[in-house]
Amino acid sequence: MKKLSLLFAFVAVAIASQAGGNNDEESKITYPMPQKVKAVMESKCFECHNDAGRSDKAKKGLNFSTLDGFTNIEKIATLSEVKKEVSEGEMPPQKFLEKHPEAALTPDETKLLVDWVQKESKALLKKK
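Numbered by mature numbering (1 follows the signal peptide of the UniProt record, and there is no 0), the letters in the sequence shown go through residues -19 to -1, 1 to 109 in order.
As structure tokens, this is what we get:
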């Protein structure tokens, strides 16, 4: 009976941690941004670029879950790279878009992200 209770407890903990992990995915991204920007990021970027992201390569390149811990200069450099990649149509990558065409950024979404990066970078420069 004791073994059965332990097994039940283990299974319950495993199920709870899996369910909680999926729901916490976006809550781990604490970098402040306007709601419209966050909505685009959540639907087009965070799937790969956060601690729970699918691609280790994508997380290594940019992990929004760790951006809060950067110095202002590191944040500006990272945001500058985001602006470059988005402006040039490099993100999301073509290979990813072949399988997930819905992840493509619209011109309005691209403009929204680029404008936010510029505004955020200027604000960070003032905080130096």
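Glycine included, C-beta positions come from ideal geometry on N, C-alpha and C.
Item                                                                                                                                               : Value
Decide yes or no for the touch test of the stretch 85 to 105 against the stretch 54 to 68: beta carbon pairs closer than 8 Å, at least 3 of them.  : yes
Between which two residues does the alpha helix (DSSP H) holding E83 run?                                                                          : Element bounds for E83: n/a, residue is neither H nor E.
For residue 116, count the other beta carbons within 10 Å of its own beta carbon; 16 or more makes it buried, fewer makes it exposed. Which is it? : Shown here, the chain extends from -19 to 109; a query on residue 116 therefore has no answer.
Under 9 Å between the Cβ atoms of residue 113 and C29?                                                                                             : Coverage of the chain is limited to positions -19 through 109, which leaves residue 113 absent and any answer about it impossible.
Quick one: residues in its chain with C-beta nearer than 6 Å to the C-beta of D49, no 5 flanking neighbours on either side, listed in chain order? : T11 and Y12
Let me make sure I understand the geometry here. Which of K100, Q99, Q75 and L94 has the alpha-carbon closest to that of E23?                      : L94
For L60 versus E90, is the C-beta spacing smaller than 9 Å?                                                                                        : no
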